[in-house]
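Taking it in order: structure first as structure tokens, then the write-up.
In the working numbering, the protein residues as written are 17 to 742.
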């Protein structure tokens, strides 16, 4: 009889880095629990962690390469045939139409996989294309643009020191559900309760009364898309009342006078009608923030995915700086991870080139994904004719998904590195599935860099990979080697690189990164090594966040740019909207659509786990009671939601959880498209919010998609919502 054995690893399904204890008997998982000895998560686990078992055993998960036949079916092919055909088709298209005829799209799960983080950039460089896209531009791109402009590197992202702050201002974020997000913090509800227990204060600003707002001292409704105005008004109060105190930051900060001149035009009384927050409330909020012994403002995805996304993230940083709360205990700080991604990824550049059709700017070599469909559909030199997707489902996660869905059907060739035939990969000609997350080692490189405490932890494989399977980094390496071998000399060089990487393996590359990282002392020193990390299966606590400036800055002069031209150029647009005083709630029958995060649903592919989707219907349209009465809508009734991009029909959930004039749908649903081979998800299809988000609505500075605050109209449909499966 097989004996039980315990495996300890970090959950890779979201950003929280929860430690898991996985009990295995033979080849079966007996249970998955939170690892109470993990120094970071301390036993916390959410439902997604337990669902790792479902993903591992999912009968719909692909385990070998498949090719789509002319009849729309799928046939298994060998790895060598798959590698040769993908590389050959891509090379042929580039030779006939130019390098930019091939595009790539990298989905959110890719950054949760160290193999992809390490190997994908080299593969993309081999393609020599400018048509590079990712989920960043429907998520955190404004954070990165602001960080690049102010601190010199797009990944120099300050995170809240939630363990020591006394005033936590949370804007457009729901960390109780996300457990962070660009702020890795498992067990966030426990952390907020501890903050309040020590006499601290939590204030949430959001168009929806979120799960986080329920635990806060105060919640303020704000009209979607107006967060930048609230921040400008708070800064106005601080400058007008002489409450600006940079402290030690003053010695290496430029642009204070410029910012003071900008905010003088945005007094609380002027922005109050637009934001929906009273002037007196704005003034009080600013004073409380400035006088707290330690305060931090944290703005997340709700701020980024709006038409003033970059300005909002700039002003979050500015508020922390002018109150002296950047790079100090209890404020916004910079983690010191064992593997420093700043040394491995470009610092960033904005607008070095622009998209062919609409002229949207690149950032750090990537174009905004809002432009992808038009780059495929618009004829001419540089038209995208082939696409490679990596762990992504842009049909459900990018604006106007139906347009992209139609565009993918016109491609000359498409390949996908993915474990599922989903709403996007059903268009692929070949799918190359990597091993499952429990079948390979992993290190959460990006999320240690964003954690609220410095730790390090290695995750060994729980199960040996099945025969004739490939890890993701091996897939990229094989494709890169073939694509780089265009001449005999290039072929020799490519084979040498291949041999070195195969010889090192993922562990070897990670060991070198630790040895030459912030805690390492080189090849022969006694600093941090992979062996030491492996010897601590629960992880190693490296201590609380520490001040790091000005040494950590990447700007040329090693100074903070408080008001860089790249960001201040958006101020005239802010003025213009304020002067026009756009629509009040429900004006002319128009409401504003926002998304929402759910604990059981970080990505669309999680919907193929029965335990995560069963129970109460979660793909519902939240409607405020006042708006429901105006439209004659009752809970459970089907409602047609219409925008410029299209329309969908969803069941209404009448609730004062959203402010009047605002409706909300969760993201990641819409599994009813033909050809999708996700048995569970198809039983709980829901609808895709991104079938009605608008690819024409973007943040003009970064090109990030404005998925929040989309104007929509409602029309009730007779009858009740269809009941969910038992």
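Yeah, the Cβ is synthetic: ideal placement off N, Cα and C, and Gly gets one too.
query	result
Close Cβ partners of residue 582 (< 6 angstroms) along its chain, the five nearest in sequence each way excluded	165
Counted within 10 angstroms of its Cβ, other Cβ atoms place residue 411 as buried (16 or more) or exposed	buried
Proximal residues to residue 81 (C-beta, below 8 angstroms), its chain only, five neighbours per side dropped	92, 93, 94, 95, 97, 98, 446, 447, 448 and 449
Cβ pair count under 8 angstroms reaching 3, the segment 551 to 565 against the segment 46 to 61	yes
Selected residue, minimal CA-CA separation from residue 79, among 488, 675 and 401	488
Where the alpha helix (DSSP H) containing residue 21 begins and where it ends	That residue, residue 21, is in no alpha helix (DSSP H); its beta strand (DSSP E) goes 20 to 26.
Exposure of residue 162, with buried meaning 16 or more beta-carbon neighbours within 10 Å	buried
Alpha-carbon spacing of residue 257 relative to residue 313, whole angstroms	20 angstroms
Straight-line Cα distance separating residue 687 from residue 698	5 angstroms
Touch test, the segment 562 to 574 against the segment 339 to 353, Cβ-Cβ under 8 angstroms, three pairs minimum	yes
Reference residue 500; option with closest CA among 90, 67 and 106	106
First and last residue of the uninterrupted beta strand (DSSP E) at residue 160	Careful: residue 160 lies outside any beta strand (DSSP E), inside the alpha helix (DSSP H) at 157 to 167.
The segment 327 to 336 touching the segment 530 to 538, judged by at least three CB pairs closer than 8 angstroms	no
Three-state secondary structure assigned by DSSP to residue 570	coil
For residue 277, the nearest candidate out of 255, 264, 284 and 288 (CA to CA)	255
Proximity of residue 109 and residue 372 at Cβ, strictly below 9 angstroms	no
Boundaries (first-last residue) of the beta strand (DSSP E) holding residue 138	No beta strand (DSSP E) contains residue 138, which is instead part of the alpha helix (DSSP H) from 130 to 143.
Contact the segment 662 to 675 vs the segment 631 to 647: 3+ CB pairs below 8 angstroms	yes
Residue 440 burial status per 10 Å Cβ neighbour count (16 or more: buried)	buried
Every unbroken beta strand (DSSP E) within the segment 623 to 702, with a cutoff of 3 residues, ordered by chain	637 to 639, 653 to 658, 663 to 670 and 678 to 680
According to DSSP, residues forming a beta bridge with residue 468	Bridge partners of residue 468: none, in fact.
Candidates 196, 241, 178 and 179: closest to residue 607 by CA position	241
Opening and closing residue of the beta strand (DSSP E) in which residue 149 lies	148 to 150
Alpha-carbon to alpha-carbon, residue 458 and residue 38	15 angstroms
Spatial distance of residue 26 from residue 117 (CA atoms)	38 angstroms
Start-to-end residues for the beta strand (DSSP E) that takes in residue 311	311 to 315
9 angstroms Cβ cutoff met for residue 293 and residue 221	yes
Same chain only: Cβ atoms within 8 angstroms of residue 70, ignoring 5 sequence neighbours per side	624, 625, 626, 627 and 628
Cβ pair count under 8 angstroms reaching 3, the segment 421 to 439 against the segment 144 to 161	no
Exposure label - residue 492; buried when at least 16 CB within 10 Å	buried
Run of the beta strand (DSSP E) containing residue 92, from where it starts to where it stops	90 to 92
Inter-residue spacing [alpha-carbon to alpha-carbon] between residue 213 and residue 649	42 angstroms
Integer-rounded CB distance, given that residue 248 should sit under 8 angstroms from residue 279	5 angstroms
One or two residues paired with residue 69 in a DSSP bridge	According to DSSP, residue 69 bridges with nothing at all.
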